[in-house]
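There are 2 protein chains.
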Amino acid sequence: MTQTLRTQPLSHDAFAPFGDVLEIGDTPDMIINQGLCGRFHDLAKIDLIGDGARTGISLFNAQARSLPYTLEMMERHPLGSQAFIPMTAHPFLTIVAPDVNGKPGTPLAFQTKHGQGVNYHRNIWHGVLTPLAEPGLFAVIDRIGDGNNLEEHWFETPYLIIGA
Amino acid sequence: MTQTLRTQPLSHDAFAPFGDVLEIGDTPDMIINQGLCGRFHDLAKIDLIGDGARTGISLFNAQARSLPYTLEMMERHPLGSQAFIPMTAHPFLTIVAPDVNGKPGTPLAFQTKHGQGVNYHRNIWHGVLTPLAEPGLFAVIDRIGDGNNLEEHWFETPYLIIGA
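Right under this line is the structure:
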């Protein structure tokens, strides 16, 4: 029977086992540009392995989804972290799961607010990019290099993600 | 006497001597996620030098400016490239200049459109982050590490940047 999961607002604490929330806080780490700009410094754990791997910047353009959303598959990248920076003010879904014996356990579904990106840590189960509005345009900072960096798991019974 | 510079739309060809325009084109390099997402792959030349340097993701929150804009200073980073990804749909100014005997020559001012980010190549003269609307929120992919990675040049006579 399909299990229903409710979204929750994305927060550092809840997301910490899976990755980094990329957002500004109240106080910048540095004030630069003659006081006109705050720098929130070094927010993501970029973690790449494998010979010749390097960090790259790509753009993803994904079709918007809506709630309720059927989660049929999750994936992970054994060779590298992967960060998603929305290039709009729109929210998106970020779905993660703990690993249980090489498969995703029960997923957690988060909905972002404007100004939040995420960085999935290396080898963390996550759903594919799921913007909630068009255009689903993101900058992606991930591993460029050879090697098999994608593992997928298809659920026998999909999950249904519903709003909070 | 103050020299006036007109903005031009940001384009790959005009920007190529200074850096990379980070934007999607008509045809993705790869189609992923069961056909629902296009990947525009590896768009930025990330170029870091110096022992122990690594790539990081930071967020910048800058005050919005408006045109006409007075350009008093340009800077460059001798140890690394620096990419700016807007987290809104708003345009921003990106001002670059060729190097002439260790100083910026006549600047070029570009105005972005939605969906464009930039990556300044290492040691290219550029203006500070100048969003044209609030919030001036950007993800910045640049060098994390020790060393003096900032050189500033203040113009004796500022430039005045006006709209196209």
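Protein sequences appear in the order of chains A and B. Per our numbering, the very first residue in the first sequence carries number 11; after that it's consecutive. Per our numbering, the very first residue in the second sequence carries number 11; after that it's consecutive. For glycine and all other residues, C-beta sits at the position ideal for the given N, C-alpha and C.
Collapsed DSSP secondary structure at residue i in the structure displayed
{"i": "A/H136", "result": "strand"}
{"i": "A/D152", "result": "strand"}
{"i": "B/D39", "result": "coil"}
{"i": "B/H131", "result": "coil"}
{"i": "B/A63", "result": "coil"}
{"i": "B/D23", "result": "helix"}
{"i": "A/I56", "result": "coil"}
{"i": "A/F50", "result": "strand"}
{"i": "A/E144", "result": "coil"}
{"i": "A/N111", "result": "coil"}
{"i": "A/F165", "result": "strand"}
{"i": "A/F70", "result": "strand"}
{"i": "B/P88", "result": "coil"}
{"i": "A/A119", "result": "strand"}
{"i": "B/Q18", "result": "strand"}
{"i": "B/L170", "result": "strand"}
{"i": "A/A93", "result": "strand"}
{"i": "B/I83", "result": "Correcting the residue identity first, residue 83 of chain B is Met in this sequence and not Ile. In the structure shown, B/M83 sits in a strand (DSSP, three-state: E or B)."}
{"i": "B/I34", "result": "coil"}
{"i": "B/F28", "result": "coil"}
{"i": "A/L77", "result": "coil"}
{"i": "B/T104", "result": "strand"}
{"i": "A/Q13", "result": "strand"}
CA nearest to the CA of residue i, picked from the options
{"i": "A/N71", "options": "B/L32, B/T14 and B/T104", "result": "B/L32"}
{"i": "A/F50", "options": "B/I154, B/A107 and B/D52", "result": "B/I154"}
{"i": "B/F25", "options": "B/L46, B/W135, B/N111 and B/R75", "result": "B/W135"}
{"i": "A/F148", "options": "A/I172, A/A74, A/M84 and A/D109", "result": "A/A74"}
{"i": "B/G127", "options": "A/Q126, A/A107 and A/T98", "result": "A/T98"}
{"i": "A/D61", "options": "A/A174, A/G90 and A/F28", "result": "A/G90"}
{"i": "A/G96", "options": "A/T80, A/A107 and A/V150", "result": "Note that residue 96 of chain A is Pro in the sequence shown, not Gly. Taking only the C-alpha atoms, the option nearest A/P96 is A/V150."}
{"i": "A/K123", "options": "A/G115, A/L103 and A/G45", "result": "A/L103"}
{"i": "A/L81", "options": "A/I105, A/I59 and A/A54", "result": "A/I105"}
{"i": "A/D152", "options": "A/G112, A/A174, A/R64 and A/P78", "result": "A/R64"}
Per-residue burial, residue i [other beta carbons within 10 Å of its own, 16 or more giving buried]
{"i": "A/R19", "result": "Arg is not the amino acid found at residue 19 of chain A; the sequence shown has Pro there. Burial call: exposed."}
{"i": "B/D178", "result": "With chain B covering only 11 through 174, there is no way to say anything about residue 178 of chain B."}
{"i": "A/I41", "result": "exposed"}
{"i": "B/V138", "result": "buried"}
{"i": "A/D156", "result": "exposed"}
{"i": "A/S8", "result": "As shown, chain A starts at 11 and ends at 174. That puts residue 8 of chain A outside it, with no answer to give."}
{"i": "B/I172", "result": "exposed"}
{"i": "B/V110", "result": "exposed"}
{"i": "B/N158", "result": "exposed"}
{"i": "B/G48", "result": "buried"}
{"i": "B/P114", "result": "buried"}
{"i": "A/L160", "result": "exposed"}
{"i": "B/A107", "result": "buried"}
Sub-8 Å separation of residue i and residue j beta-carbons
{"i": "B/F175", "j": "B/T17", "result": "Residue 175 of chain B lies beyond the residue range present for chain B, which begins at 11 and ends at 174; the question has no answer from this structure."}
{"i": "B/N133", "j": "B/A93", "result": "no"}
{"i": "A/T167", "j": "A/T12", "result": "yes"}
{"i": "A/M83", "j": "A/P117", "result": "no"}
{"i": "A/H131", "j": "A/F28", "result": "yes"}
{"i": "B/D30", "j": "B/A54", "result": "yes"}
{"i": "B/I34", "j": "B/G146", "result": "no"}
Whole-number beta carbon distance between residue j and residue i, since they are thought to touch under 8 Å
{"i": "A/G66", "j": "B/D52", "result": "4 Å"}
{"i": "B/L170", "j": "B/T37", "result": "B/L170 to B/T37, Cβ: 40 Å. No contact."}
{"i": "A/H100", "j": "A/A143", "result": "4 Å"}
Any non-hydrogen atom of the ligand PLP closer than 7 Å to residue i Cβ
{"i": "A/Q13", "result": "In terms of ligand content, the structure shown is empty, and the ligand PLP therefore cannot be addressed."}
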